[in-house]
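Per the numbering used here, the sequence shown starts with residue 1, numbered consecutively.
Shown next, in structure tokens, is the structure this report addresses.
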Amino acid sequence: MAKRKRKKGYGRKPDDTIKIANQHIASLLEQAKEAATSNPSLADRYVALARKVAMKFRIRMQPSQRRLFCPHCYRFMLPSKNLRVRVHEHRVIYYCLDCKKFWRRPLGKKRLPG
Ligand SMILES: [Zn+2]
């Protein structure tokens, strides 16, 4: 995604703030992982908060972080619980059982996702 141009000195955040926000996102997702099995709705809440922080500071989450929740409904995903994972024609197909949407990832070149 191309970076949008902004007015000079507007909306720029110091590096430290971004760093702290990144840590905040990581810890929120860590808590989501812990809560996922016992309290899925709490995990969803953590994901929502992590996304809010990311949007506020215009941070892109790491691929490993983005893989934790559904890109459509943003629910925390637990494979076999609310996520179906299938391999089909050199692609991994993820199917969200909550919003009934699916998305694909190519297999091969890089190491296996997830
Ligand atoms: Zn979904």
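Cβ atoms here follow ideal geometry from the backbone N, Cα and C, with glycine treated the same way.
Q. Near Arg31, which residues of its chain fall below 6 Å by C-beta distance, leaving aside the five closest residues on each side in sequence?
A. Stepping through the sequence shown from its first residue, residue 31 is reached at position 31. For the record, residue 31 in the displayed sequence is Gln; it is not Arg. The beta carbon of Gln31 is closer than 6 Å to those of Tyr46 in its chain, skipping five residues each way along the sequence.
Arg60 versus Val53: straight-line alpha-carbon distance, rounded = Looking up residue 60 in the sequence shown gives position 60. Looking up residue 53 in the sequence shown gives position 53. Going from the Cα of Arg60 to the Cα of Val53 covers about 10 Å.
Q: Taking all protein chains shown into account, decide if Arg75 is buried (16 or more other Cβ within 10 angstroms of its Cβ) or exposed.
A: Here residue 75 corresponds to residue number 75 of the sequence shown, with the count starting at 1. Of the other Cβ atoms in all chains shown, 16 or more fall within 10 Å of the Cβ of Arg75; this residue is therefore buried.
Whole angstroms are fine: how far does the CA of Arg51 sit from the CA of Ser64? Stepping through the sequence shown from its first residue, residue 64 is reached at position 64. Stepping through the sequence shown from its first residue, residue 51 is reached at position 51. When only Cα atoms are considered, Ser64 and Arg51 end up about 14 Å apart.
Counting contacts by CB-CB distance shorter than 8 Å, is Gln31 in contact with chain B?
Here there is only one protein chain, and chain B is not present.
- Task: Take Leu28 and list the residues in its own chain whose beta-carbon comes closer than 6 Å to its own, dropping the five residues that flank it on each side.
- Result: On the sequence shown, residue 28 is found 28 positions in, with the first residue counted as 1. Closer than 6 Å at the Cβ level, and outside the excluded window around Leu28, lie Tyr46, Leu49, Ala50.
_Distance, Ser80 Cα to Arg58 Cα_ = Taking the first residue of the sequence shown as position 1, residue 58 is located at position 58. Taking the first residue of the sequence shown as position 1, residue 80 is located at position 80. Cα to Cα, the separation comes out at about 32 Å.
Problem set entry | Environment of Phe102 [buried if 16+ CB atoms lie within 10 Å] | Stepping through the sequence shown from its first residue, residue 102 is reached at position 102. Flag for Phe102 reads exposed.
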